[in-house]
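Only one structure is covered here, and it is reproduced in the block below.
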Amino acid sequence: MLESGAIAAEPLIRVENLTKHFPVTRGLLIARTTGQVKAVDGISFTIGRQETLGLVGESGCGKTTTSRLLLRLERPTAGRVLLDGQDVHALTGADLSKYHTRVQAVFQDPWSSLNPRLRVRDTIAEALVVNRRVSKAGRLERVEEVLHQVGLPLAAASRYPHEFSGGQRQRIALASALASDPELIVLDEPVSALDVSIRAQIMNLLKDLQARQQLSYLLVAHNLATVRYIAHRTAVMYLGRIVEHADTESLYRNPLHPYTKALFAAALPADPDAPRDDMILSGEVPSPIDPPSGCHFHPRCPFAMEQCSRVEPALKAVAAGHVVSCHLY
Amino acid sequence: MNAAAPVVLEVKDLHAYLYTRWGVVRAVDGVSFALREGETLGLVGESGCGKTMTGLSVLRLLPEPAGRIVRGQVLLQGEDLVTKSESEMRRVRGRRISMILQDPQTSLNPVFTIGDQLVEALRMLYADAAPALLHRAEEALRSVKVAAPEQRMRAYPHQMSGGMKQRVVGAIAVAGEPRVLIADEPTTALDVTIQLQYLTLLKEIQARTRLAMLFITHDFGIVARMCDRVAVMYAGRIVESGPTRALFRAPRHPYTEALMASVPRMEASVERLPSIEGQPPPLHDLPVGCRFAPRCRYVDDRCRREYPPTLPVGPAHEAACWRVEPSPPSR
Amino acid sequence: MARVEERIDVGFGSSPSADVLARPRSRGDLARLPWASLFIITLLILVAVLAPLIAPHSPTEQSLPDKLRPPAWQEGGSTKHLLGTDVLGRDVLSRIIYGARVSLIVAAAALLAGGGVGLMVGIVSGYLGGRVDSFLMRVVDATLTFPTILIALLLAVSMGQGLQTIAIAITVLIWARFARVVRGDVLAVKTRDFVALARVHGCSHLRIMAIHIVPNVLNTFMVLLTLHIGFVIIVEASLSFLGAGIPPPTPSWGQMVADGRSHIASAWWLAVVPGAAIMLVVLAFNLFGDWLRDWLDPRLRQV
Chain B
1 MLESGAIAAE
11 PLIRVENLTK
21 HFPVTRGLLI
31 ARTTGQVKAV
41 DGISFTIGRQ
51 ETLGLVGESG
61 CGKTTTSRLL
71 LRLERPTAGR
81 VLLDGQDVHA
91 LTGADLSKYH
101 TRVQAVFQDP
111 WSSLNPRLRV
121 RDTIAEALVV
131 NRRVSKAGRL
141 ERVEEVLHQV
151 GLPLAAASRY
161 PHEFSGGQRQ
171 RIALASALAS
181 DPELIVLDEP
191 VSALDVSIRA
201 QIMNLLKDLQ
211 ARQQLSYLLV
221 AHNLATVRYI
231 AHRTAVMYLG
241 RIVEHADTES
251 LYRNPLHPYT
261 KALFAAALPA
271 DPDAPRDDMI
281 LSGEVPSPID
291 PPSGCHFHPR
301 CPFAMEQCSR
311 VEPALKAVAA
321 GHVVSCHLY
Chain D
1001 MNAAAPVVLE
1011 VKDLHAYLYT
1021 RWGVVRAVDG
1031 VSFALREGET
1041 LGLVGESGCG
1051 KTMTGLSVLR
1061 LLPEPAGRIV
1071 RGQVLLQGED
1081 LVTKSESEMR
1091 RVRGRRISMI
1101 LQDPQTSLNP
1111 VFTIGDQLVE
1121 ALRMLYADAA
1131 PALLHRAEEA
1141 LRSVKVAAPE
1151 QRMRAYPHQM
1161 SGGMKQRVVG
1171 AIAVAGEPRV
1181 LIADEPTTAL
1191 DVTIQLQYLT
1201 LLKEIQARTR
1211 LAMLFITHDF
1221 GIVARMCDRV
1231 AVMYAGRIVE
1241 SGPTRALFRA
1251 PRHPYTEALM
1261 ASVPRMEASV
1271 ERLPSIEGQP
1281 PPLHDLPVGC
1291 RFAPRCRYVD
1301 DRCRREYPPT
1311 LPVGPAHEAA
1321 CWRVEPSPPS
1331 R
Chain L
2001 MARVEERIDV
2011 GFGSSPSADV
2021 LARPRSRGDL
2031 ARLPWASLFI
2041 ITLLILVAVL
2051 APLIAPHSPT
2061 EQSLPDKLRP
2071 PAWQEGGSTK
2081 HLLGTDVLGR
2091 DVLSRIIYGA
2101 RVSLIVAAAA
2111 LLAGGGVGLM
2121 VGIVSGYLGG
2131 RVDSFLMRVV
2141 DATLTFPTIL
2151 IALLLAVSMG
2161 QGLQTIAIAI
2171 TVLIWARFAR
2181 VVRGDVLAVK
2191 TRDFVALARV
2201 HGCSHLRIMA
2211 IHIVPNVLNT
2221 FMVLLTLHIG
2231 FVIIVEASLS
2241 FLGAGIPPPT
2251 PSWGQMVADG
2261 RSHIASAWWL
2271 AVVPGAAIML
2281 VVLAFNLFGD
2291 WLRDWLDPRL
2301 RQV
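Chains as they are written, first to last, in the numbering used here: chain B, 1 to 329; chain D, 1001 to 1331; chain L, 2001 to 2303.
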């Protein structure tokens, strides 16, 4: 695992100034663009090999759009996503095929992640069928291998998704992501739709798989405890921007950005005697179509100063591997 | 919590079953608890444990014709709701007991303004004329901290955020000044910072009106913050109940213990999270004996043969497990 | 913010280490089948297929001395012609039996063609979206505004009568309905995560449409098919009634009703028998379609 800041080979994933604006259109016959939803507004980060980057934030912060940009489900308005130095959105042909085997995903909803009409083995083998010339026997072998890795019996291969519970379906989804032997798996809220006792099973599985194989994860989640358990580094997003980014331990022990502090305070600890340092934020999360000027967070920030509404703060390194975007620092 | 506060809702040995094509689903299989004025009882468990069905049973809102209360009593201020007729229940719902649900999207009708929906709800409760009802509606919005209520009255649900919608739902629920509020995962669909606002609001309303709350959730953080007492459900039954602090400090039922251990903490980092192997039993095909036995690390033969009795393990604290040494009852 | 779905999980799945294969059988399923409709539909198919074997007479054989005989249970009838004869002495029962063939063939041809076109358009339109979708839906809208029978008549008149003409006319009429409904379904399926995951796996749009979209809209499609059979049979009957359908002497139920119209007062069986046949068959298919829709739907949910 790379330590952040260490000079090493090119990280697996490098995201530079990634931006995604969705046009807002009005009108029936002739669509006019009346605004832009600035879902992702110029973010940069890296993910090393066998490393997990956690991306946290609330609804509308842009973390899901970011994951979709990495998966080529959206095209960026500006900025780049580099896999081993190659621009992911410029790939074609055999390079594109290779990309699909190297980057995979697991999504939130186990009830909609599997095609109900396909047998489990066909879903799992899909990336192989589409991207590689593997023989049928080879594919079956691989299917059995990954079923074993995720802790499901071989008999599951010939079954249909509706015969399984939520937790088992997520395992199948994970097997399906592992089939092509990827280097990065984008996990978008992988356990939030699962029962509490099943979450621990899946989280442990994810950690085990990462340790045994050369796997990196981009973990998009809103549950801070989940992220703390799995991620090596964490970035906090608000309205399309990264406001704080650090080693997980560093971040959780010492959150700097006011939004991060509020977020942490709002995550209720399972301890009735825990001190209540409530930072109750006023108001709602503003719309990404018309975000506040300067620092997006200033209208709700208890520490807002005059310049916060005028100037967007730059990301500054405050400690080793800990960057914040705030005028307080 | 003041133990002398009067009991407002008492559920006694409630059994509610669903008759389906796969068999009888014993969703609520012998549940008993008491709720005092001004107190919040947390009903905790995972999906399928029966907590939502318990809430629905109290209000006699089980899905028909499959769902039926087959045994037990639901005593609201002494009156048994199970024996009431449907028209009598209509006078109880919204007025003496109210419920708020998880999804603000589906709780509000998308084709009416929220002013219309509030007035509609208030019309059932107060015999005022239209202008007075409008005024009440605005007051209700103000009481749930909705800014600029006069404008909001004309808004449609889709124009409002999730947190705002839940406040409106909350306003409608408490408009009739009920004695009991059943909240079924009201904040699960909300962002974490909005959730904190909302929970704080509920606490304020409760302090003001001495409302008793049954808070159904799977989130222990919410329980720790909101609830005075907790009841943990598993496979249709309550396996442990007691004061929040006691339960968190020393859970006595293996399921409670294992469940709490499997929840990752934000406050500390662990190398490994213990998880509970296996799954809850299917509710239409329950095993003889303790229902948690197949997954319990302390299981022995007796557990598999006989369902354990509910034994006191501390002041106002009980657990249904063969392992516990009952402490002398001191209530 | 996660949605925790409180499903009553009747426990089809179990822990990874236990028996994955346990699945309770549903009881009472057999009792719920739509027996009456299935009976009529099966009867229809058998009659159509075995027509040459079961028809007592040739449907086109005329026998003027026997003309206008009433059905066997009425005075003047005989067991030789169980349902009587028409104005040219042809056996009504045999004509009904052979008429079943016509109805079935036309229905099948038109449905498959119209349904097939509609399915493809609906899928392409719904999946690709954007301008393709807008354009195709405008075409669908235009088609739906055409008055049904008028179009069929125009086509019949310009192309001449015959089985082909009717099949084409009906296809033109129904494809748009299929396209619209299928498109709606596709829009819903498109948003499900497995479609996005298929793209992440590297699937081409064509593969996604074929393997992920089509099988998941088939339920809707099949229900649409069954619900339209009645419509198609009636259209064919109406066209034949108006004289633009299957040319005589091939018996068609619609034609028979038309012929019998002038004899309603005296030889009621000429119009009533084929009319009753049409009604029964359409009813049976509609009921079956309703049942199919209900049966396919809640099975996907758990209680």
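Note that CB positions come from ideal geometry on N, CA and C, so glycine has one too.
- Against chain D, the CB of Asn204 (chain B) has a partner CB under 9 Å away; the residue lies at that interface.
- Rounded to whole angstroms, the separation of the alpha carbons of Gly1170 (chain D) and Arg300 (chain B) is 24 Å.
- For Ala246 (chain B), the uninterrupted beta strand (DSSP E) segment begins and ends at 241 to 247.
- In chain order, Gly2202 make up the part of chain L whose C-beta sits under 9 Å from the C-beta of Ser97 (chain B).
- The DSSP assignment places no complete beta strand (DSSP E) segment of no fewer than 3 residues inside the stretch 2066 to 2130 of chain L.
- The continuous beta strand (DSSP E) containing Phe1033 (chain D) extends over residues 1023 to 1036.
- Of all residues in the stretch 118 to 141 of chain B, only Leu118, Thr123, Glu126, Ala127, Val130, Asn131 come within less than 8 Å of chain L when Cβ atoms are compared, listed by chain position.
- Note that the C-beta distance between Asp1184 (chain D) and Gly1055 (chain D) is below 9 Å.
- Between Ile2166 (chain L) and Val2106 (chain L), the C-beta spacing is below 9 Å.
- Beta-bridge annotation (DSSP): Ser1241 (chain D) is paired with D:Ala1231, D:Glu1318.
- A check of alpha carbon separations from Ser176 (chain B) across B:Tyr252, B:Asn131, B:Leu256, B:Arg121 identifies B:Arg121 as the nearest.
- Under the DSSP definition of a beta bridge, Ala221 (chain B) partners with B:Val56.
- Look at His21 (chain B) here: in three-state DSSP terms it is strand.
- Exposed is the label assigned to Thr25 (chain B), since fewer than 16 other Cβ atoms lie within 10 Å of its Cβ.
- The DSSP-derived three-state label of Val146 (chain B) is helix.
- With fewer than 16 other Cβ atoms from the protein chains shown falling within 10 Å of its own Cβ, Phe2039 (chain L) counts as exposed.
- Between Thr123 (chain B) and Ile172 (chain B) the beta-carbon gap is near 7 Å, inside 8 Å, which marks them as a contact.
- Separation of Pro2274 (chain L) and Ala2237 (chain L) (C-alpha to C-alpha, rounded to the nearest whole angstrom) is 10 Å.
- For a cut-off of 8 Å, the C-beta gap from Ala1155 (chain D) to Ile1114 (chain D) is around 6 Å, short enough to register as a contact.
- With fewer than 16 other Cβ atoms inside 10 Å of its own Cβ, Pro2056 (chain L) counts as exposed.
- In this structure the stretch 2212 to 2221 of chain L does not touch the stretch 2153 to 2162 of chain L; the number of beta carbon pairs closer than 8 Å is below three.
- Counting along the chain, Asp2290 (chain L) sits inside no beta strand (DSSP E); it lies in the alpha helix (DSSP H) bounded by residues 2269 to 2296.
- For the beta strand (DSSP E) assignment, the uninterrupted runs of no fewer than 3 residues enclosed by the stretch 167 to 244 of chain B are, from N- to C-terminal side, 184 to 188, 216 to 221, 233 to 238.
- The closest CA to that of Pro1063 (chain D), considering only D:Ala1016, D:Gly1042, D:Leu1075, is found on D:Ala1016.
- Inter-residue distance for Gln50 (chain B) and Met237 (chain B) is about 23 Å (C-alpha atoms, whole angstroms).
- About 16 Å separates the CB atoms of Val2223 (chain L) and Leu2283 (chain L); that is not less than 8 Å, and the two are not in contact.
- Gln1073 (chain D) is bridged by DSSP to D:Lys1012.
- Of the other Cβ atoms in all chains shown, 16 or more fall within 10 Å of the Cβ of Asp1228 (chain D); this residue is therefore buried.
- Straight-line spacing of the CA atoms in Trp2253 (chain L) and Asp1116 (chain D) works out to 56 Å.
- Every unbroken stretch of the alpha helix (DSSP H) spanning 4 or more residues and falling wholly within the stretch 22 to 106 of chain B is given here in chain order: 63 to 70, 93 to 102.
- Using a Cβ distance threshold of 9 Å, Val2281 (chain L) and Ile2233 (chain L) count as a contacting pair.
- For Asp1301 (chain D), the three-state secondary structure derived from DSSP is helix.
- For Asp1103 (chain D), no chain B residue has a C-beta closer than 7 Å to its own C-beta; the minimum C-beta separation is roughly 14 Å.
- Per DSSP, the beta bridge partners of Glu1079 (chain D) are D:Leu1076.
- Distance from the Cα of Lys20 (chain B) is smallest, within the candidate group B:Glu126, B:Gly240, B:Ser112, B:Leu53, for B:Gly240.
- Taking the Cα of Thr1193 (chain D) as reference, the smallest distance to any Cα among B:Leu281, B:Thr92, B:Asp84, B:Leu82 is reached at B:Leu281.
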